[in-house]
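The sequence shown maps to residues 1 to 300 in UniProt numbering. Note that the Cβ used here is the ideal one computed from N, Cα and C, for glycine as well.
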Amino acid sequence: MSGPVSGSASGSASVLGGRLGALAARAATTAERTVHRLAKPAAIALAPVLLRQAKQLQAGLVWLPEPKGQRHGVIAAPEGAGAGTADGAEPLRLLAIGDSTATGVGADRLDDGLVVQTAQRLAVLQRRPVAWRIIGLEGSTAAQVLERFLPEVDEGPWDAILLLVGANDALQLVGRRPFARAVRALVAGLRARLAPGGVIGVTGTPQIDTFAWLPQPIRSLMGGHARTLDDVQQRIAAEQPGVIHLPTPAIVEPQQHAADGFHPSAEGYRLWAGVVAPRLSQALDRHRAPGRPHEGASRR
């Protein structure tokens, strides 16, 4: 994901700005087709308005790099977390796969991104260490994650998997059907890598229509499409046992946004992790394999 604010653009930002222009051009084409299909002559001007807005957004685009650091680590079980904590207990294995929200764009440190903050909370809630890993790349759509990154996921088995896609599909106005195909294929591939009693959390598409810096009508167009894709994610999660939908909270406070106005900041990721971790922990408790202890059992 990427977003515009006032400021100078680097070479990388220029490339990203061209990408935004292409996305908005596609948005304009889609809007124009929609307008003609709905036969609303007064709205025919919508497409050129979108193109003009896209050019304005390009001019102030700021590109944020992915935070540096190892994309794997272990969070220790906190002292005094509960009687269930056992010395040497095998860590709960957490995988995050997806776009820039998986890789922590918007936070200065990877430790302040969604995945590590979620792992820290899970260590407390599950009373055991959490071994986490991140696979993904900024700007990836669901189809790109399926093609490029799913093959990188080892057999695990993983106790919990976070699938973070949807934002770039919404911005690129990827159709509902191709998006659903990609997400279903991702879920199927990831389920094959789950431990018994493991859980996949499909995070919802961000609420783009809450991004106040996006002008109308482009905000409503992309925001409405984001809601459509989120509905797809909810239905897919409901179809499969051990798969849950994790709604993405509205991030509206200035301190919760990164410098680009689009990605969450460390504070925004903290808010998000506060939603994700408890729901993921509850799902793990519900789906835990019979006879499997809370603090984790040794795998053979």
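- Taken in chain order, the complete alpha helix (DSSP H) segments of 4 or more residues contained in the segment 111-193 are 114-126, 167-171 and 176-191.
- Sequence-distant partners of Leu280 (beyond 5 residues in either direction) whose C-beta falls short of 8 Å from its own C-beta, in its chain, are Thr118, Leu122, Ala160, Leu162, Val199, Gly201, Ile244 and Leu246.
- For Pro264, the closest of Pro78, Ala76, Asp108 and Arg71 by C-alpha to C-alpha distance is Asp108.
- Between Ala277 and Leu125, the C-beta gap is smaller than 9 Å, which places the two residues in contact.
- With a 10 Å radius around the Cβ and a threshold of 16 neighbouring Cβ atoms, Glu138 comes out buried.
- Leu190 is not a Cβ neighbour of Arg133, given a cutoff of 9 Å.
- Secondary structure at Pro278: helix, using DSSP grouped into helix, strand and coil.
- Here DSSP, grouped into helix, strand and coil, assigns Ala266 to helix.
- Counting only the Cα atoms, Pro217 lies some 43 Å from His287.
- Less than 9 Å separates the beta-carbon of Gly156 from that of Ala195.
- Contact between Val165 and Ala142 is confirmed by a C-beta separation of about 4 Å, below the 8 Å threshold.
- Per the coordinates, the alpha-carbon of Asp99 lies some 19 Å from the alpha-carbon of Asp231.
- Between the beta-carbon of Ala226 and that of Thr205 there is about 5 Å, and that keeps the pair under the 8 Å contact cut.
- Taking Arg270 as the centre and dropping the five residues before and after it, the same chain places the C-beta of Gln117 closer than 7 Å to its C-beta, in chain order.
- Here DSSP, grouped into helix, strand and coil, assigns Pro196 to strand.
- Out of Val275, Leu173 and Pro91, the CA that lies nearest to the CA of Met222 is found in Leu173.
- Apart from the 5 residues on each side of it in sequence, Pro67 sits with its Cβ closer than 6 Å to the Cβ of Gly104, Ala107, Arg109 and Leu110 in its chain, given in chain order.
- Counting of Cβ neighbours within 10 angstroms places Pro129 among the buried residues, the total reaching 16 or more.
- Taking a C-beta distance under 9 Å as the contact criterion, Ile208 and Arg193 do not qualify as a contact pair.
- Taking C-beta atoms under 8 Å as the contact rule, Thr210 and Ala170 fail to qualify, at a distance of about 13 Å.
- Between Ala283 and Val252, the C-beta gap is not smaller than 9 Å, which leaves the two residues out of contact.
- Taking the C-beta atoms as reference points, Leu146 is found no nearer than 9 Å to Ala102.
- Contact annotation: Ile97 and Val183 have beta-carbon atoms that are not nearer than 9 Å.
- When the Cα atoms are used, Asp285 and Pro215 turn out to be separated by approximately 43 Å.
- Its chain contains Ala131, Trp158 and Asp159 as the residues whose beta carbon lies nearer than 6 Å to that of Arg93, once the 5 sequence neighbours on both sides are disregarded; these appear in chain order.
- Contact between Leu114 and Ala258 does not hold, since their C-beta atoms are separated by about 12 Å, which reaches or exceeds 8 Å.
- When DSSP states are grouped into helix, strand and coil, Gly223 belongs to the helix group.
- Taking the Cα of Pro241 as reference, the smallest distance to any Cα among Gly197, Pro78, Leu229 and Leu150 is reached at Gly197.
- Spanning the alpha carbons of Leu229 and Ala77 requires a straight line of approximately 36 Å.
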